[in-house]
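There are 2 protein chains.
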Amino acid sequence: MIRLSIIGSGNVAQHLIQLFGKTAGIELVQVFSRNKEAVSNLVPIQKITSDFSELKPVDLTIIAVSDNAIESVSKEIPFENHFVVHTSGSLAMETLDNKNRKGVFYPLQTFSKSKEVDFKTIPLCLEAQDKTDHQLLQTVAKLVSDTVYNVDSEQRKALHVAAVFVSNFTNHMYQIGNEICEENNVPFAILKPLIQETANKILTLSPSEAQTGPAKRKDTQTINTHLNFLTDENHKEIYKILTKSIIDNGKKL
Amino acid sequence: MIRLSIIGSGNVAQHLIQLFGKTAGIELVQVFSRNKEAVSNLVPIQKITSDFSELKPVDLTIIAVSDNAIESVSKEIPFENHFVVHTSGSLAMETLDNKNRKGVFYPLQTFSKSKEVDFKTIPLCLEAQDKTDHQLLQTVAKLVSDTVYNVDSEQRKALHVAAVFVSNFTNHMYQIGNEICEENNVPFAILKPLIQETANKILTLSPSEAQTGPAKRKDTQTINTHLNFLTDENHKEIYKILTKSIIDNGKKL
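Chains as they are written, first to last, in numbering that gives the first Met the number 0: chain A, 0 to 252; chain B, 0 to 252.
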């Protein structure tokens with residue numbers, strides 16, 4: 000039985016609490032939350048603490064708080080020489096305080112509180128200073144996910160930036176599509192199968208093979224029609240810069 | 000039995016030829032292709048013509064050629080007073096020559112020759128001048144798709160622009176993510192579940208509800224870390240403009 004505790008009550012922390020609370024082979028020992036009520040529906044109340052001095056040493060302490068709080072929270076931990084990880088995509092393992100052995104447990108996924116996720120399909124990116132700690136982290140990761148990767152801090156930083164493009168910026172493309180539909184009284188729902196197919200294509204084709212559209216075809220007539228149609232200056236600017244980027248990409252190949 | 004012919008041999012034409020060749024209630028009468036070999040594996044050779052004067056009048060003639068050829072091809076049709084449609088998202092119905100009755104049959108999907116699509120899930124956007132023609136077009140559309148919409152030329156133009164954002168530009172975000180992974184020796188495959196989940200979220204959440212990431216959180220520290228990490232000036236510029244756009248969007252709400 001691997002004993003672990005989770006520090007945090009946000010999006011990622013809540014998903015991890017629910018996950019590890021029901022994983023065979025894992026004992027969820029404690030949850031730290033400044034506001035006990037935030038997690039009181041996820042874990043028995045006697046396991047929740049809002050006082051760092053009450054945190055007990057366990058096999059694995061997971062700090063799942065916002066990036067700017069990770070360093071200070073790791074300093075607050077009352078014990079030493081135990082294994083402590085953070086869950087951030089963008090911060091180096093070194094961000095953690097030196098008094099404990101360090102590692103990273105980064106689930107590469109977009110979490111929304113209002114939507115359930117199937118953890119089995121989420122890639123977990125692991126890093127640890129110590130070999131034995133790394134093995135423990137792998138054991139834990141493989142209990143909950145089918146895809147476990149070893150990723151060092153520099154690679155993880157690259158992944159995190161790439162994830163902003165393929166997820167956050169992609170969702171913003173959906174947002175702009177939605178705005179254009181609303182302005183012209185067309186249901187955004189018409190676009191949903193296209194959104195699904197665009198994501199599905201990437202499972203079997205490379206992004207450059209999957210690229211279609213007026214920019215890919217260098218169809219300047221359609222591009223100009225679109226630019227004339229767009230009234231929002233921000234939409235227009237984004238259309239121009241991304242069209243140019245797709246055209247320039249074609250030249251590189 | 001509805002008798003129809005298809006003009007064209009490109010991506011969309013090939014998908015339509017295969018589709019209507021096997022649809023009960025539809026007789027695929029002729030296929031026009033300048034190069035007969037391009038479609039000779041899709042349809043019996045005696046149905047293929049490369050001579051416009053051989054085209055016979057049918058219930059529905061579908062012009063599935065590139066946007067800049069639609070007008071001239073519609074002039075080449077040897078018969079008059081029949082129902083002729085194009086399949087373009089960006090061109091008005093009026094682009095077609097006046098000698099025949101006009102309409103549009105626009106499948107809103109991204110077609111790659113190398114990937115099969117399930118037509119049943121593709122939204123078909125229909126328009127016709129004549130009421131009886133419109134009914135015929137609806138009958139044909141409902142034989143092959145579960146989602147059929149009536150969309151006028153102005154709305155279709157909006158949809159086409161929106162589709163560029165949610166599909167072409169989204170795929171370009173995948174492309175950039177791929178480039179960042181390659182530059183840093185991380186497998187792009189790690190990002191694929193995130194890409195799927197980002198597309199799936201949009202089925203149940205609005206794009207603004209689904210938005211996550213440093214720009215949404217106005218997390219300037221992470222944004223600056225990312226900008227320092229990016230070495231490609233084009234990636235950097237796109238990161239900046241899309242981050243600004245997400246932040247400005249947050250202010251509007």
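Ideal Cβ positions, reconstructed from N, Cα and C, are used throughout, including at glycine.
Source: prediction; values computed, not measured.
Problem set entry | Residues near residue 229 (chain A) in its chain [Cβ-Cβ closer than 8 Å; skip 5 each side] | Stepping through the first sequence from its first residue, residue 229 (chain A) is reached at position 230. Close CB contacts of residue 229 (chain A) within its chain, under the 8 Å cut and outside five residues either way in sequence, are with 179, 235 and 238 (chain order).
Exercise. Would DSSP call residue 102 (chain A) helix, strand or coil?
Worked result: Looking up residue 102 (chain A) in the first sequence gives position 103. Strand.
Exercise. In chain A, which residues lie with their C-beta within 8 Å of the C-beta of residue 250 (chain B)?
Worked result: Numbered from its first residue, the second sequence carries residue 250 (chain B) at position 251. Those do not exist, as residue 250 (chain B) stays about 12 Å from chain A at its closest Cβ, beyond 8 Å.
Exercise. Do we get a CB-CB distance below 8 Å when we pair residue 18 (chain A) with the residues of chain B?
Worked result: For the purposes of this step, residue 18 (chain A) is identified with residue 19 of the first sequence, where counting begins at 1. Contact of residue 18 (chain A) with chain B is not assigned, every C-beta pair being separated by 8 Å or more.
Problem set entry | alpha helix (DSSP H) segment containing residue 171 (chain B), residue limits | For this step, residue 171 (chain B) is matched to residue 172 along the second sequence. Per DSSP, residue 171 (chain B) belongs to the alpha helix (DSSP H) from 169-182.
Exercise. Considering only the beta carbon of each residue, do residue 210 (chain B) and residue 170 (chain A) sit closer than 8 Å?
Worked result: Start at 1 with the first residue of the second sequence, and residue 210 (chain B) comes out as number 211. Start at 1 with the first residue of the first sequence, and residue 170 (chain A) comes out as number 171. A contact, by the Cβ cut-off of 8 Å.
For this session: Note down the Cα distance separating residue 24 (chain B) from residue 70 (chain B), rounded to an integer number of angstroms.
Result: Locating residue 24 (chain B) in the second sequence gives position 25, where the first residue counts as 1. Locating residue 70 (chain B) in the second sequence gives position 71, where the first residue counts as 1. If I take the Cα positions, the gap works out to 29 Å.
For this session: Anything in chain B within Cβ reach of residue 272 (chain A), meaning under 8 Å, just list it in chain order.
Result: Residue 272 (chain A) is absent from the model: chain A starts at 0 and stops at 252.
Exercise. According to DSSP, is residue 76 (chain B) helix, strand or coil?
Worked result: Position 77 of the second sequence holds residue 76 (chain B). Correct three-state label for residue 76 (chain B): coil.
For this session: Note down, in chain order, every chain B residue with its Cβ under 8 Å from the Cβ of residue 228 (chain A).
Result: For the purposes of this step, residue 228 (chain A) is taken as residue 229 along the first sequence, with counting starting at 1. Chain B residues near residue 228 (chain A): 156, 157 and 160.
Exercise. What do you reckon, are the CB atoms on residue 102 (chain A) and residue 158 (chain A) nearer than 8 Å?
Worked result: Taking the first sequence and counting its residues from 1, one reaches residue 102 (chain A) at position 103. Taking the first sequence and counting its residues from 1, one reaches residue 158 (chain A) at position 159. Cβ atoms of residue 102 (chain A) and residue 158 (chain A): not closer than 8 Å.
Problem set entry | Spatial neighbours of residue 123 (chain B) in its chain, beta-carbon cut-off 6 Å, leaving aside the 5 residues before and after | Counting from 1 along the second sequence, the entry for residue 123 (chain B) is found at position 124. Excluding the 5 residues flanking it on each side, residue 123 (chain B) has same chain C-beta neighbours closer than 6 Å at 106, 140, 144 and 147, in chain order.
Exercise. Beta-carbon of residue 108 (chain B) versus every beta-carbon of chain A: anything under 8 Å?
Worked result: As a working mapping, residue 108 (chain B) is identified with position 109 in the second sequence. Yes, contact with chain A.
Problem set entry | Beta-carbon spacing of residue 96 (chain A), residue 126 (chain A) below 8 Å | The count along the first sequence starts at 1 and reaches residue 96 (chain A) at position 97. The count along the first sequence starts at 1 and reaches residue 126 (chain A) at position 127. No, these two residues do not count as a Cβ contact at 8 Å.
Problem set entry | Per-residue contacts from residue 210 (chain A) into chain B (C-beta, under 8 Å) | The residue given as residue 210 (chain A) occupies position 211 in the first sequence. Under the 8 Å cutoff, chain B gives 167, 170, 171 and 174.
For this session: Run the CB neighbour count on residue 33 (chain A), radius 10 Å, all protein chains shown included, and call it buried at 16 or more, exposed below.
Result: For the purposes of this step, residue 33 (chain A) is identified with residue 34 of the first sequence, where counting begins at 1. Residue 33 (chain A) is exposed by the Cβ-count criterion.
Problem set entry | Buried versus exposed, by CB contacts within 10 Å (16 or more), residue 78 (chain B) | Numbered from its first residue, the second sequence carries residue 78 (chain B) at position 79. Answer is exposed; the Cβ neighbour count stays below 16.
For this session: Kindly provide the ranges of any beta strand (DSSP E) runs that are 3 or more residues long and lie completely inside the segment 116-150 of chain A, ordered along the chain.
Result: With a minimum length of 3 residues, the continuous beta strand (DSSP E) runs that stay inside the segment 116-150 of chain A are 123-127 and 147-149.
Exercise. To which residues of the same chain is residue 175 (chain B) closer than 8 Å at the C-beta, ignoring the five residues directly before and after it?
Worked result: Position 176 of the second sequence holds residue 175 (chain B). The residues are 234 and 237.
Exercise. In its own chain, which residues sit with a C-beta less than 6 Å from the C-beta of residue 94 (chain A), not counting the 5 before and 5 after it?
Worked result: One-based indexing of the first sequence puts residue 94 (chain A) at position 95. Here residue 94 (chain A) has 69 and 70 as same chain residues with Cβ atoms under 6 Å from its own Cβ, once five neighbours each way along the sequence are excluded.
Exercise. Do three or more CB pairs link the segment 5-21 of chain B to the segment 41-60 of chain B at distances below 8 Å?
Worked result: Touching, per the Cβ criterion.
Problem set entry | Which of helix, strand or coil DSSP assigns to residue 224 (chain B) | Taking the first residue of the second sequence as 1, we reach residue 224 (chain B) at position 225. In the three-state DSSP reduction, residue 224 (chain B) falls in the helix class (H, G or I).
For this session: Determine, using beta carbons only, whether residue 213 (chain B) and residue 163 (chain A) come nearer to each other than 8 Å.
Result: What you label residue 213 (chain B) is simply residue 214 of the second sequence in a count that begins at 1. What you label residue 163 (chain A) is simply residue 164 of the first sequence in a count that begins at 1. In contact: residue 213 (chain B) and residue 163 (chain A) (Cβ atoms closer than 8 Å).
Exercise. Per DSSP, which one or two residues make a beta bridge with residue 30 (chain B)?
Worked result: If you number the second sequence from 1, residue 30 (chain B) lands on position 31. In the DSSP output, where bridge partners are listed per residue, residue 30 (chain B) has B:5 and B:47.
For this session: Could you name the residues of the segment 72-101 of chain A whose beta carbon sits closer than 8 Å to any beta carbon of chain B, in the order they occur along the chain?
Result: Those residues of the segment 72-101 of chain A that come within reach of chain B (Cβ to Cβ, closer than 8 Å) are 89.
Exercise. According to the neighbour-count rule (16 or more other Cβ atoms, all chains shown, within 10 Å of its Cβ), is residue 44 (chain A) buried or exposed?
Worked result: Your numbering for residue 44 (chain A) matches position 45 in the first sequence. Exposed, by the Cβ-count rule.
Exercise. With a Cβ-Cβ cutoff of 8 Å, do residue 31 (chain B) and residue 54 (chain B) count as a contact?
Worked result: As a working mapping, residue 31 (chain B) is identified with position 32 in the second sequence. As a working mapping, residue 54 (chain B) is identified with position 55 in the second sequence. For residue 31 (chain B) and residue 54 (chain B), yes; Cβs fall inside 8 Å.
Exercise. First and last residue of the beta strand (DSSP E) that includes residue 84 (chain A)?
Worked result: Position 85 of the first sequence, counted from the start, is the residue given in the question as residue 84 (chain A). Segment 82-85, the beta strand (DSSP E) holding residue 84 (chain A).
Problem set entry | Helix, strand or coil at residue 60 (chain A) according to DSSP, with G and I counted as helix | For this step, residue 60 (chain A) is matched to residue 61 along the first sequence. Residue 60 (chain A) sits in a strand when the DSSP states are folded into three classes.
Exercise. Which residue from A:109, A:219 and A:129 puts its Cα closest to that of residue 161 (chain A)?
Worked result: One-based indexing of the first sequence puts residue 161 (chain A) at position 162. Each of A:109, A:219 and A:129 was checked against the Cα of residue 161 (chain A), and the nearest Cα belongs to A:109.
For this session: Could you tell me whether the Cβ of residue 185 (chain B) comes closer than 8 Å to any Cβ of chain A?
Result: Here residue 185 (chain B) refers to the residue found at position 186 of the second sequence. Chain A, which has a Cβ nearer than 8 Å to the Cβ of residue 185 (chain B), makes this yes.
Exercise. Residue range of the alpha helix (DSSP H) that residue 241 (chain B) falls in?
Worked result: On the second sequence, residue 241 (chain B) is found 242 positions in, with the first residue counted as 1. Per DSSP, residue 241 (chain B) belongs to the alpha helix (DSSP H) from 232-251.
Exercise. Residue 223 (chain B) CB to nearest chain A CB: under 8 Å?
Worked result: Sequence index remark: in the second sequence, residue 223 (chain B) carries index 224 (1-based). Residue 223 (chain B) has a beta carbon lying at 8 Å or more from every beta carbon in chain A.
For this session: Check the Cβ of residue 191 (chain B) against every Cβ in chain D and list those closer than 8 Å, keeping chain order.
Result: Absent from the structure: chain D. Protein chains present are A and B.
For this session: Taking residue 205 (chain A) as the reference, give the member of B:187, B:197, B:204 and B:215 with the closest Cα.
Result: Numbered from 1 along the first sequence, position 206 holds the residue referred to as residue 205 (chain A). Here the closest residue by C-alpha is B:187.
Exercise. Buried or exposed: which applies to residue 66 (chain B), given that a residue is buried once 16 or more other Cβ atoms fall within 10 Å of its Cβ?
Worked result: Residue numbering aside, residue 66 (chain B) sits at position 67 when the second sequence is read from its first letter. Burial state of residue 66 (chain B) is buried, judged by a 10 Å Cβ sphere holding 16 or more other Cβ atoms.
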